[in-house]
Structures are given as C-alpha cells and as structure tokens.
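This note's numbering puts the last residue of the sequence shown at 456; the count rises by one with no breaks.
Even for Gly, the Cβ is constructed at its ideal location relative to N, Cα and C.
Please read these numbers as outputs of a predicted model, since none were measured by experiment.
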Amino acid sequence: MTEPRKLPPGRLLAATHNPGKVRELTDLLSDIGFKAVSAGELGLPEPEETADTFQGNAELKALAAARGAGEPALADDSGLACDGLAGAPGIYSARWAGGSKDFRAAMQKVEDALTAETTADGEVDRRASFVSVLSLAWPDGHVVSFEGIVRGQLVFPPRGDRGFGYDPIFVPEGETETFGEMDPARKHAMSHRAVAFAKLKQFLAG
Ligand code: ITT
Numbered sequence: 251m252t253e254p255r256k257l258p259p260g261r262l263l264a265a266t267h268n269p270g271k272v273r274e275l276t277d278l279l280s281d282i283g284f285k286a287v288s289a290g291e292l293g294l295p296e297p298e299e300t301a302d303t304f305q306g307n308a309e310l311k312a313l314a315a316a317r318g319a320g321e322p323a324l325a326d327d328s329g330l331a332c333d334g335l336a337g338a339p340g341i342y343s344a345r346w347a348g349g350s351k352d353f354r355a356a357m358q359k360v361e362d363a364l365t366a367e368t369t370a371d372g373e374v375d376r377r378a379s380f381v382s383v384l385s386l387a388w389p390d391g392h393v394v395s396f397e398g399i400v401r402g403q404l405v406f407p408p409r410g411d412r413g414f415g416y417d418p419i420f421v422p423e424g425e426t427e428t429f430g431e432m433d434p435a436r437k438h439a440m441s442h443r444a445v446a447f448a449k450l451k452q453f454l455a456g
C-alpha cells in the first residue's frame, strides 16, 4: 500500500444493494460523521460477484461503484461460514437464498445440511462465524480492505425478526439472544461488520 489516503467526512457511497446492509452501514458511518448514500439511490448496477474470496468480491464491488460514480465507495462482502459444513455457505450466503432472496429457505437449507452431517453419536456441529470484509475504493483503482469475524452458535428454529439474512439463527459467543432478537445497537457493538468497521475507522483516523 502507498500513503494512506484521507477521506474528508461528508457523503460516502455505500456500494451495496442489500437494504439490511444499507441500514447498518448508514448507522455505522453516521457515528463517524459520514452520510451514506446507497448504490441503488445513485442507480448504479449490481456487479457480478466473480471472485472466490470475501475480499475479492468486496474489492470488486467497491471498485465498480467508485469508478461508476466517480467518487470513493465502500463495499461489504460477507456471509455465514459453518464449521460443520466446511465453511459453507460462505461467499455463497446470498446465493443460498435464491433469486427471490428467501432467507427462511436459506436458513432451512443450512439446518438440513447440518442435519445431514450428524455424527454416529448424534452430534451436530453448530459452531459458525459471520465474516465481513469492508473495502474502500477510489475511482483511480486504489483500494483498502478490512476483515471482521464474529464466532457463535447456530440455533433452530430461527428466532427474532430484527436484522436481516441469517441473523435469526446466529447467537454470538457469550450471548443468549440471536442477532435477530438483539437490539440493533447491540449487534453494531459486536458484529463481524462492526469489527471490520472499527479497523476502517482507525484507518480513516490515521
Ligand atoms: P451486496 O452484494 O449488494 O452488498 P448481497 O446481499 O449480495 O448484497 P453479499 O454478496 O455480501 O451481499 O452476501 C452476503 C449475505 O450474507 C447477505 O445476503 C446476508 O444474507 C448474509 N449476511 C451478511 N451479513 C449478515 C448479517 O450481518 N446478518 C445476517 N446475514 C448476513
């Protein structure tokens, strides 16, 4: 990396078409003096996620938006990685919900896949991580990335209607509520996205 770049507080393009992420990034950014504007609001297209890592996809999304809009853009690539499924659905977390983005079905798919891996002793490995990589890109192709991970346990059936995606089946380590039951401010204090965001914040302050 060359010299860290400064980003003056003000508007920042949140390069995501996921309304749950727009909400969370808007909250996180407003805490540090930025006003998020989403890729959807600017009419930017949704790039195809062709990379095979979270970072690769986050960078691809951030760069496409920064170049398309002619201003710095922040993207998030994230997902649920289950220990018992060798890290699946991982970078395919959104794709497990299908074209209709049906996360009830995606959560059921996770439960079914884990059940199919039940050991002879009747054990199911419910450990999982949520992973987020945040990438900040500039129109000239410069990009920086920050990763956050939170460990937890999966619970079935899903609980809570807050948050988005797989939140209703994920209980972070040391907690009893799922991310779907928890107050959003609490999720923001400990989530994978919050951990990645803290690193971004440090970079911006540096
Ligand atoms: P963008 O690419 O436009 O940002 P997307 O939904 O396609 O939107 P991803 O490719 O990063 O985003 O997919 C990640 C999926 O993982 C996302 O759709 C959620 O279902 C899930 N996910 C990520 N972070 C999550 C969180 O904090 N809580 C619950 N589910 C989450």
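Requested in this report: Name the two residues that bound the continuous alpha helix (DSSP H) containing S280.
Outcome: 269-281
Query - Own chain partners of V421 with C-beta closer than 6 Å, once the 5 adjacent residues on each side are dropped - result: G402, Q403, V405, T428
Query raised in the report: DSSP state of A344, grouped into three classes?
Result: coil
Query raised in the report: Within the present structure, is the beta-carbon of R273 separated from the nearest heavy atom of the ligand ATP by less than 7 Å?
Result: With respect to small molecules bound, the structure shown includes the ligand ITT and not the ligand ATP.
Report task. Pull up the DSSP beta-bridge partners for V381, would you. Result -> G329, I399
Query raised in the report: What do you reckon, is the C-beta of E427 under 7 Å from a heavy atom of the ligand ITT?
Result: no
Query - Three-state secondary structure assigned by DSSP to P434 - result: helix
Report task. Determine the direct distance from the alpha carbon of L324 to that of G306, and round the result to whole angstroms. Result -> 14 Å
Report task. Counting only the same chain and skipping the five closest in sequence on each side, list residues whose C-beta sits under 6 Å from that of E361. Result -> F406
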